[in-house]
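Position one of the sequence shown corresponds to residue 0 (numbering that gives the first Met the number 0), numbered consecutively onward.
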Amino acid sequence: MIHSRIAGTGSYLPKKILTNAALESMVDTTDEWIFSRTGIRERHIVADDEFTSDLALQASLNAIKSSGITAHDIDLIIVATTTPDKIFPSVAVMLQNKLGIAGCPAFDIQAVCSGFVYALATADNFIKAGAAQCALVVGAEAFSRIVDWTDRGNCILWGDGAGAVVLQASDQPGIISTHLHADGNYEKMLHVPRQADAKVKDTVVMEGNAVFKVAVNTLDAIVDETLAANGMQKSDIDWLVPHQANIRILQATAKKLDMNMDKVIVTVDKHGNTSAASIPLALDIAVQDRRIKRGDIVLMEAFGGGFTWGSALIRY
Ligand code: COA
């Protein structure tokens, strides 16, 4: 049987950093309030002339380099994003063009903050089916472009960035299992409605408190589902690489797994919530600093607008 495994990782963050202190001069908030409620200290923000495909390109080049492949080896590109440069073409096709590798299939996946897990599951299934051998899987967001910077209960959360992995066919699993879910009953709790007036920007609308509670319960359930599907115990997991929404949500999942926080990869303090980019960004940082090593069992999980949620259990 063909499996897929992560050959290498890469990430990229825009240069500009927006600190909580800087946010204090934009909305009625404090560094202390933001940090105590979310664990966030700062986030990166794209420049005016920088777009999701630019972030995706830099993360992809880093992932290609760390994988020891060339861009021409890639035969599938999937980009998870909520903030494409344009309505169309997709970021994946723009990224393909920037990489100079026209020809292979390339498409975006829209599952908001769960997007990377959805994209990884899709690429894994392409490879298992024999339809691809070397997939570039990216999570990239310029989320700051869809944030209402006057809404203090919301704008403090988000950041921009990109992460990427190269997924290659292998005779050993790599990706052990993936689990995806969605429930559109929760559409209005976290969404970006289309404004009737084309001059008004479409921005995130969120019932933060309600989202928080559903997220914690749903992530508890996906942890149980993933362990049960593989006949594994909590103690079998070496690392948790969660979607970085709020440190209190991460702590709740770690508690569910009886896991110390030093086994949880945390980037929310420095990145905020980068939506589909947060998991591959966190994974790359922990691979680069050698916390996550070859052979380690890593659980990735995410929850996002829709609601969508999912997990990927991997042997790195
Ligand atoms: N600074 C200071 N005060 C703020 C504030 C800010 N940035 N934002 C909200 N407040 C105030 C509110 O107005 C409210 O005041 P009131 O009690 O006088 O009405 C109070 O703080 C509590 O607001 P609440 O919304 O209940 O706070 P909270 O503890 O739920 O924290 C979030 C708000 C958004 C940080 C939190 O709900 C959260 O992180 N939710 C999950 C969101 C998320 O992760 N979404 C993405 C999922 S992928």
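C-beta: ideal position from N, C-alpha, C; glycine also.
Helix, strand or coil at residue i according to DSSP, with G and I counted as helix
i    : result
M260 : helix
G7   : strand
E49  : coil
N216 : helix
R40  : coil
N272 : strand
F320 : Residue 320 is absent from the model: the chain starts at 0 and stops at 315.
Bridge partner(s) assigned by DSSP for residue i
i    : result
H190 : V204
G160 : E140
D107 : V78
W238 : V297
A134 : L75 and L166
F302 : W308
Start-to-end residues for the alpha helix (DSSP H) that takes in residue i
i    : result
I175 : From DSSP, I175 is part of no alpha helix (DSSP H) but of the beta strand (DSSP E) over I174 to A181.
L17  : Where L17 is concerned, there is no enclosing alpha helix (DSSP H), although the beta strand (DSSP E) it sits in stretches over K15 to T18.
A121 : In the sequence as presented, Ala is not what sits at residue 121; that position holds Thr. Start and end: G114 to K127.
R247 : I246 to K255
L12  : Looking at the DSSP string, L12 is not in any alpha helix (DSSP H), and its letter there is neither H nor E.
R289 : That residue, R289, is in no alpha helix (DSSP H); it is neither H nor E in DSSP.
G67  : Element bounds for G67: n/a, residue is neither H nor E.
G152 : R151 to C154
The beta strand (DSSP E) enclosing residue i, as first and last residue numbers
i    : result
T312 : Per the sequence shown, residue 312 should be read as Leu rather than Thr. It spans T307 to R314 - the beta strand (DSSP E) in which L312 sits, taken as one unbroken run.
*Should the region 141-150 be called in touch with the region 202-219, which here means at least 3 C-beta pairs below 8 Å?*
yes
_Cβ contact check for the region 158-167 and the region 125-140: 3 or more pairs under 8 Å_ = yes
_Inter-stretch contact (C-beta, 8 Å, three-pair minimum) for the region 179-191 and the region 82-100_ = no
*Determine contact between the region 5-18 and the region 55-64, defined as no fewer than three beta-carbon pairs at a distance below 8 Å.*
yes
*Could you say if the region 33-42 and the region 64-81 meet the contact criterion of at least three C-beta pairs nearer than 8 Å?*
Note that the region 33-42 does not touch the region 64-81; fewer than 3 beta-carbon pairs, one per stretch, sit closer than 8 Å.
*Is the region 286-304 touching the region 230-244, taking contact as three or more C-beta pairs under 8 Å?*
yes
*Evaluate the contact criterion for the region 165-174 versus the region 12-22: three or more CB pairs, one atom per stretch, below 8 Å.*
no
_With three or more beta-carbon pairs closer than 8 Å as the criterion, would you say the region 277-289 touches the region 218-233?_
Judged by Cβ distances under 8 Å, the region 277-289 makes no contact with the region 218-233, as fewer than three pairs qualify.
*Hey, is the region 212-220 in contact with the region 264-274, meaning 3+ C-beta pairs nearer than 8 Å?*
no
_Using 8 Å as the cut-off, can you tell me whether the region 92-99 makes contact with the region 115-125, which would need three or more C-beta pairs spanning the two stretches below that distance?_
In short, these stretches do not touch, since the Cβ pair count stays below three.
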